[in-house]
Every structure is written in structure tokens, then in C-alpha cells.
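**Q** Attaching a single structure in C-alpha cells format; questions to follow.
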Amino acid sequence: MKGPLFYSKILLFGEYGIIKDSKGLSIPYNFFKGALKTDENPSETAKKSNASLREFVGYLEMVHKNSPDLVSFDFDALKADVTGGMYFDSSIPQGYGVGSSGALVAAIYDKYAQNKITVLENLTREKLLTLKEVFGKMESFFHGKSSGLDPLNSYLSIPILINSKDNIESTSIPTQNPEGKGAVFLLDSGSTGETAPMVQIFMEKMKQEGFRNMLKDQFIKHTDACVEDFVSGNVSSLFGNLKQLSHVVLDNFKPMIPVKFHDLWKNGIETNDYYLKLCGSGGGGYILGFAEDLDKAKKALKDYNLEVVYNF
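When the sequence shown is numbered by the UniProt record's numbering, its final residue is 312 and no position is left out of the sequence of numbers.
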């Protein structure tokens, strides 16, 4: 048995900000993917995944009990498959900010949810919000609290524009230009990041008035501008706003940036060769980079492996 593939995602803009109603833009990233599988001779990794799925099933039963009108699953089929050794076979790295648990949640919903909302129907705002709520409840098993956006992106496999908490829509982004010099890329920090502790640090900082003001007046302002520029294809304005955003993150989100990247981050802002920003909650995993001239960025970051996500 092998189920359909579900892809990783990249939140290009909106990390932390969407908690406080900033705009956000999330895109599928087809380089990494996962699917539900069963094998005759499961590996150790498969056995670990299966054990985690067993716990997840218990959690989903609780979700259904507490919110019977929100979502129901074919628990008989799900339990039978998990007992039969089903696991999630995934190339999506965990703790890297590219949505490993999101793809798993999407796969389980797709296969076992009853009366599910499908990708083929007319996706009204209400349906998107319902899906987001269902996925948020499901993914909270892995993160403590989830917005539901990662599974939503993985399930629909289309870019999602977040206007505010209660206003999300599918969107289109400008077609990539394979000949273009500019690019969005991923930089591997070489370590994994844990979402929960990073969000905890953020929530602690939110208790300070100065931090709250910075978030509203600078971080959210530049994030919203970046989203609007990216969706409308306004590249020159985008890089101006990216520089500001990168600066604000370096000044105010230092605990979320691995220490060895502080100088690299600053160097990008000073030379304009590239601008870095958090990918997901930070603390490790991937860092997102933007460059108007990818060759320049590659030279400046020659010690690192860059994965291009999108070409301008």
C-alpha cells in the first residue's frame, strides 16, 4: 500500500506575525514529500513512525469526542491500518520549518476523514477556514498549538494568502522566471529547531510593550508590504522591504537565529548581496534567503549549500 503524495511547504512571509494578524504567504515546496505506506519488513524509522501514529489515533478520538460536529474519521479503517503497520514515509526533514507534521496531517485527513472537503470543490472562504480549524486541531498533537496552515498548504498544494486570522484565500503567485538572476533560496543551518520553545520565547517577549509596538509598527508593516510586493510581482519594491524586514528580525528575534548566523545575517544587510529571514519558527532548520543576483549570493555564501525555491 502507498497513499498519495503530500508535499512540504514554505511560509515565505508571516512567521510569528500571523499569530498577531499580519499577512502571510505560504507556498507548496515539491522537493520534499511524504505518503502513508505499509511494508512487509518495516525499518526502524517506519516502526517509530507507526508508534507515533498509534498515539495520534488516540488523540484524534479525543478531538472527535470534543468536537463531533467539526470532524469525524473512519476510525475502524484507521486503527486497522495502524495495527497493520502503516507509517508515514517522508523525505521532509523534521524541525526544519518546512511542514513535516503538516504533510502527515493532510495525508490522514485525506484518507480517513468522513464528509471531507476536497480540493476539487469550489473552495469558499468558509471551507478554507473550516479546513484550517480542523487541521489546527489535528496538528496540535505535534506542536502544542497549531494554526493549521501547514497541513492546509500540503493538502491543497496551492499558494495560500493569509490576509488575517479569519481571512485566507488561495492565490496565484507570478510565474517563475527560470532565466532570472534573482531567487528565493533555503540555507541549511545544520541543526533542527523545535517549534514549541521558540513560540514560548515569542509569547514571553509579547508581554513587553516595546516588543508589541515593534511588532505592530515595524515587523508586521514590512511583512505585509513584502507579501503584497511578492504577489503582485513588484520585485524592486520587494527587496527594499525585505532589507527592512531582515533588519527588524536581526534586531528583535535574535534567540530564533542560530548564533553562528548572526554575522552572516548582518553581512547580507550591509552588502545587499542577499537578505535572510526566518523560515518557520527558527532556532535551527532552514533559513530563508532572497537575492536579486543569485550568483553574488552564492559567492558570499560559498561555505553553505543553497537550495533554490523560486526564481525571479
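Just so it is clear, CB atoms sit at the ideal spot from N, CA and C, and this is done for glycine as well.
Let me know the alpha helix (DSSP H) ranges lying completely inside the segment 224-312, each 4 residues or longer, listed in chain order.
**A** Counting whole runs of 4 or more residues, the segment 224-312 contains the alpha helix (DSSP H) stretches 235-252, 262-271, 294-300.
**Q** Would a C-beta distance cut-off of 8 Å place Val98 and Asn50 closer than the cut-off?
**A** Here residue 98 is taken as the residue at index 98 of the sequence shown, counted from 1. Here residue 50 is taken as the residue at index 50 of the sequence shown, counted from 1. Taking 8 Å as the Cβ cut-off, Val98 and Asn50 do not qualify as a contacting pair.
**Q** Would Lys207 be called buried (16 or more neighbouring beta carbons within 10 Å of its own) or exposed?
**A** Here residue 207 refers to the residue found at position 207 when the sequence shown is read from its first residue. Lys207 is exposed by the Cβ-count criterion.
**Q** Please state the DSSP three-state secondary structure of Gly210.
**A** Locating residue 210 in the sequence shown gives position 210, counting from the first residue. Of the three classes helix, strand and coil, the one that applies to Gly210 here is helix, per DSSP.
**Q** Mind checking which residues open and close the beta strand (DSSP E) that includes Ser164?
**A** As a position in the sequence shown, residue 164 is number 164, starting the count at 1. Segment 160-164, the beta strand (DSSP E) holding Ser164.
**Q** Of the residues Leu294, Glu204, Lys48, Ile108, which one's Cα is nearest the Cα of Asp74?
**A** Against the sequence shown, residue 74 aligns to sequence position 74. Among Leu294, Glu204, Lys48, Ile108, the Cα nearest to that of Asp74 belongs to Ile108.
**Q** Do the segment 242-257 and the segment 29-47 make contact, defined as three or more Cβ pairs closer than 8 Å?
**A** These segments do not touch.
**Q** To the nearest angstrom, how far is the alpha carbon of Ala35 from that of Val57?
**A** The residue you call residue 35 lines up with position 35 of the sequence shown. The residue you call residue 57 lines up with position 57 of the sequence shown. Going by the C-alpha atoms only, they are around 17 Å apart.
**Q** Mind checking Gly280: buried by the 16 CB within 10 Å criterion, or exposed?
**A** If you number the sequence shown from 1, residue 280 lands on position 280. Gly280 is buried by the Cβ-count criterion.
**Q** Quick one: what does DSSP say Glu169 is sitting in, helix, strand or coil?
**A** Numbered from its first residue, the sequence shown carries residue 169 at position 169. Correct three-state label for Glu169: strand.
**Q** Quick one: residues in its chain with C-beta nearer than 7 Å to the C-beta of Leu242, no 5 flanking neighbours on either side, listed in chain order?
**A** In the sequence shown, residue 242 corresponds to position 242, counting from 1. Around Leu242: Cys226, Tyr275, Phe290.
**Q** Look up Lys127 in the DSSP assignment and say whether it is helix, strand or coil.
**A** Taking the sequence shown and counting its residues from 1, one reaches residue 127 at position 127. The answer is helix: DSSP assigns Lys127 an H, G or I state.
**Q** With 16 as the cutoff for other CB atoms within 10 Å, does Pro159 come out buried or exposed?
**A** As a first step, residue 159 is located in the sequence shown; it is residue number 159 there, counting from the start. So Pro159 ends up on the buried side.
**Q** If you draw a straight line from the C-alpha of Leu264 to the C-alpha of Lys2, how long is it?
**A** On the sequence shown, position 264 is the one that residue 264 refers to. On the sequence shown, position 2 is the one that residue 2 refers to. Each residue's alpha carbon lies about 42 Å from the other.
**Q** Does the contact criterion of 3 or more C-beta pairs under 8 Å hold for the segment 86-95 versus the segment 164-177?
**A** The segment 86-95 is not in contact with the segment 164-177.
**Q** Gly34 by DSSP, collapsed to three states: which one?
**A** Here residue 34 refers to the residue found at position 34 of the sequence shown. Strand, per DSSP.
**Q** Provide the residue span of the alpha helix (DSSP H) that contains Phe75, from first to last.
**A** Position 75 of the sequence shown, counted from the first residue, corresponds to residue 75. That run of the alpha helix (DSSP H) goes 75-83.
**Q** Under 8 Å: do the segment 14-24 and the segment 112-124 share three or more Cβ pairs, one atom per stretch?
**A** These segments do not touch.
**Q** Using CA coordinates, which residue listed in Ser236, Leu131, Thr271, Val199 is at the minimum distance from Glu15?
**A** Start at 1 with the first residue of the sequence shown, and residue 15 comes out as number 15. Of Ser236, Leu131, Thr271, Val199, the residue nearest in Cα terms is Val199.
**Q** Whose CA, out of Thr175, Gly283, Glu270, lies closest to the CA of Ala300?
**A** Along the sequence shown, one-based indexing puts residue 300 at 300. Ranking Thr175, Gly283, Glu270 by Cα distance to Ala300 puts Glu270 first.
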